[in-house]
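Colleague:
In our numbering, the protein residues as written are 4 to 135.
(1) Using 8 angstroms for Cβ pairs, my map puts residue 117 next to residue 66. What's the rounded Cβ distance?
(2) Express the C-alpha separation of residue 71 and residue 114 in angstroms, rounding to a whole number.
(3) Between which residues of its own chain and residue 36 is the CB-CB distance below 6 angstroms, once the five residues before and five after are set aside?
(4) Which runs of the beta strand (DSSP E) spanning at least 3 residues fall entirely within the stretch 7-38, listed in chain order?
(5) Can you tell me which of the three DSSP states residue 41 falls into?
(6) Restricting to runs no shorter than 4 residues, where is the alpha helix (DSSP H) found entirely within the stretch 48-132?
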C-alpha cells in the first residue's frame, strides 16, 4: 500500500507542478519568467517530460488506453455519486481543476502500480519484469 501511495503522490506532484490553479506551477512560471530564464525553462520542461514519459509509458504498458479510460470512468462515477449526495460541490473552477489533477494522478498511479498488483494477485510476472 505504501508503494502505491508513493507512486500516486509522485504522479500527483508531477501533474500539480506542471499546472494547478495557484501561481506555483510550471505553466504560470514560464508565462511570467520563461523568456527571462529560457535555459531554466527548457531544463524544467525536459525534467517534467522525463517524468511524463516514465509514467505514461508504464501506464500504457500495464493497463493500456482502455484501462486508463476505465479508471477515469470509475473516478468520474465516484465524483458523480458524491455530487448527487451533496457531499461535493462543483461550483468552483479551482476545485474542478484539483479534482481533475486527482483523477489523472490516480490513473497514472494505478498504471505504474498495476504490474505489482497483478504479480501479487496472480503470482505471474510480466515478461519484461526483472526480479526486484
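By construction, the Cβ of each residue, glycine as well, lies at the ideal position given by its N, Cα and C atoms.
Modeller: Reading it off the structure:
(1) 5 angstroms
(2) 8 angstroms
(3) none
(4) none
(5) helix
(6) 67-87 and 96-125
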